[in-house]
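Respectively, the protein sequence lines represent chains A and B.
Per full-length UniProt numbering, residue 1 is the first one in the first sequence, and the count goes up by one each step.
Per full-length UniProt numbering, residue 1 is the first one in the second sequence, and the count goes up by one each step.
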Amino acid sequence: MVSKTEEDQVNRLESQVENGGGGEWEYLCLVRKLKLRRSYNVLKYGLSILNDPKKRSAIGPEEWTLYEQVAAAAMDCQRLDLAKDYVKVLLEKFPESKRVGRLEAMLLEAMGLWEEAEKAYSSLLEDNELDPVIHKRRVAMAKAQGNISGAIEWLNKYLEIFMVDHDAWRELAEIYVSLQMYKQAAFCYEELILSQPTIPLYHLAYADVLYTLGGLENLHMAYKYYASTIDLTGGKHTRALFGICLCTSAIDQLTRGRNKDDKENLQLAPLSALALGKDYKQRAPNKVSMLASTLRSLKLSS
Amino acid sequence: MAEDLVLDTAIRDWVLIPLSVVMVLIGILRYFVSKLMRSSNQVPDPKMVKEGQVIIRARNLRAAANYIPAKSFRARRVYFNNEENGLLYVPKGQAQNPQAQMFSDPNMAMDMMKKNLSMIIPQTLTYAWVNFFFSGFVAAKIPFPLTQRFRSMLQNGIDLSTVDVSYVSSRSWYFLNLFGLRGLFSLILGEENATDDTQRMMQMSGFGFDPTKSLGAEKDSLDIVQHEWALPKFERRAEAVLKKLVS
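Laid out in structure tokens, this is it:
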């Protein structure tokens, strides 16, 4: 996760470089450190440094790292000719390096030669089982080929070893949701909530999955998680407010006719309806009437 | 009896400054040598990595247990602590002595030896050199007064017992440099440098990353955790938030 100051720094440097001030090398170093994906900018500024022999010698031995970074950015921007050139340069300098081997395999993947890339990655993994980048590239390749179940398999294997990588859990959850395997997706979101309990995004996603699963218990839990999202975002999250209303109406539908013991827990609905109304009035006044009719139809079902 | 000794400026020129310069140079040399000698066997053991990750995951589970529903928490706890194939379960026979394990792993033993040597040998050599050449005279005066207790530590080569304790021998200048140049090294060499002797010494005392013991500890603490679902509290808080927003 990038901190706020670092984000500001990156943005500042970016605007500075764009407007012609110096500082390209700093920008590239910062992007590399924070692992951001600004391939277009990296490519532009990296090229300007690499094509100028004076600037290139000014950075000395870091030039090879720059080659690697720009090659990856070139692959991202589909400039495969540039990428091939840089990979060749790196190969000449470091013939037996694992890092360059990885870059080569990435080039094969970018060119669309899936089988060669797959072979290259497997052989790299034999040498070094614990390189997370290679694992992730394999998953990405499977996903790009449309082989979702293969992607799931590789991702599960990766997560068996590196169980703390929350981005991987998030990716897995999204894949499961796309396949409608909601129970597994719920498990992944639980992992995410465990590792980072204060991020409202995960609560919201978990609540969505629970609401989709349906069933009274899940609906109650979804209601509670929408409430926690509202708490974590100070009541401003529109989707969570809507979630509360929907949950309430769904619970009402299911418990219609039963004894209304736990009806008093569902006091959030009218409040969230009011909050929604206020929000819409501020931001989208022409939709207020639509909102009002939707809310009314939800309440009618109780 | 504070008589003011006048120290020859030649002492400053020929003792203090050369000693500091030599120590800085030796430090830089050691840094580069350690960089060269650092073999490429940086491949971490997959089992160790996995265990480390399991521990972090178990710790997260303990910390945030109240945010997930009770059923999921219990399922996860069983997954971790299950007697037969739980992640944290360490069968009694395998709980090895980590020291033995470390010595039996030849790579790790070599690494430790190399690190120790690269630290000890320059220190010993420099100390011997200082002793041989720069002993027997007063080298510097410490600007603040000291008690008599420090006499044996700071005035080792000087055999006069009437000299004020503030006048120290060059050995103490050596020690001062040893501990003080760390800041200078981090300026010159960047953050990761092998000259952090004091840090290394502190690390050595707390050595022994023992995965088996920490796994057992995590398992026990996970057993103890009581699950108290925090979400109802969130619900009430959300109510308050919305009330404030709407009013």
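Glycine included, every Cβ here is placed at the ideal spot set by N, Cα and C.
Only a predicted model underlies this, so the values are computations on that prediction, with no experimental measurement involved.
Please report the straight-line C-alpha distance between residue i and residue j, rounded to a whole angstrom.
i	j	result
A:I175	B:L61	23 Å
A:G101	A:L107	10 Å
A:Q16	A:V10	10 Å
A:M141	A:I134	10 Å
A:G214	B:A230	22 Å
A:L241	A:L125	47 Å
A:K54	A:G60	10 Å
A:K84	A:A74	9 Å
A:N41	A:E18	9 Å
A:P285	A:L194	39 Å
A:H166	A:I49	35 Å
A:K183	A:E6	37 Å
B:K47	A:S57	43 Å
A:I199	B:E218	25 Å
B:L242	A:A273	10 Å
By the DSSP assignment, the alpha helix (DSSP H) with residue i in it spans what residues?
i	result
A:H166	H166 to S178
A:K119	W114 to D127
B:F175	S170 to L189
B:V165	Counting along the chain, B:V165 falls outside any alpha helix (DSSP H), and DSSP gives it neither H nor E.
A:Q16	K4 to E18
A:G22	Careful: A:G22 lies outside any alpha helix (DSSP H) and carries neither H nor E.
B:G52	P46 to A63
B:T147	Counting along the chain, B:T147 falls outside any alpha helix (DSSP H), and DSSP gives it neither H nor E.
A:I152	I148 to I161
A:F94	Element bounds for A:F94: n/a, residue is neither H nor E.
A:H135	P132 to A144
A:M181	Premise fails: A:M181 is in no alpha helix (DSSP H) and is neither H nor E.
A:Q69	E63 to D76
A:L210	P200 to L213
A:D231	L216 to L232
B:P69	First-last for B:P69: undefined, no H or E at that position.
A:G46	S39 to L50
B:S152	R151 to L154
Closest by CA to residue i, which one among the options?
i	options	result
A:G112	A:Q78, A:D85, A:L90 and A:L125	A:Q78
A:N156	A:R170, A:G146 and A:A144	A:R170
B:P145	B:A139, B:S34, B:D164 and B:L36	B:D164
A:L47	A:I59, A:P61 and A:L66	A:L66
A:E190	A:A117, A:E96 and A:M221	A:M221
A:T238	A:Y211, A:Y280 and A:Y223	A:Y280
A:V139	A:G150, A:E129 and A:E7	A:G150
B:L178	B:Q226, B:R12 and B:V21	B:V21
A:E118	A:V164, A:T212, A:W154 and A:E92	A:W154
A:E160	B:V49, B:L29 and B:V6	B:V49
A:G22	A:Y45, A:V31 and A:R37	A:Y45
Is it the case that the CB of residue i approaches a heavy atom of the ligand SAM more closely than 7 Å?
i	result
B:S161	Absence of the ligand SAM is noted for the structure shown, with no ligands found whatsoever.
Q.
Extract the residue ranges of the alpha helix (DSSP H) inside the region 241 to 299 of chain A, only unbroken runs of 4 or more that lie entirely within it.
A. 268 to 283
Q | Three-pair Cβ contact test at 8 Å for the region 144 to 164 of chain B versus the region 67 to 80 of chain B | A | no
Q.
Under 8 Å: do the region 16 to 23 of chain B and the region 144 to 151 of chain B share three or more Cβ pairs, one atom per stretch?
A. no
Q | Residues, ordered as in the chain, of the region 60 to 92 of chain A that lie near chain D by beta-carbon distance below 8 Å | A | Reference to chain D is not applicable here, since the protein chains of this structure are A and B.
Q) If you pair each beta-carbon of the region 223 to 242 of chain B with each one of the region 227 to 236 of chain A, do three or more pairs fall below 8 Å? A) yes
Q) With a cut-off of 8 Å, do at least 3 Cβ pairs link the region 212 to 231 of chain B to the region 48 to 58 of chain B? A) As far as the Cβ criterion goes, the region 212 to 231 of chain B touches the region 48 to 58 of chain B, which means the pair count is three or higher.
Q) Considering only residues of the region 211 to 243 of chain B, which uninterrupted beta strand (DSSP E) runs meet the minimum length of 3 residues and lie entirely inside it, listed in chain order? A) Counting whole runs of 3 or more residues, the region 211 to 243 of chain B contains no beta strand (DSSP E) stretch at all.
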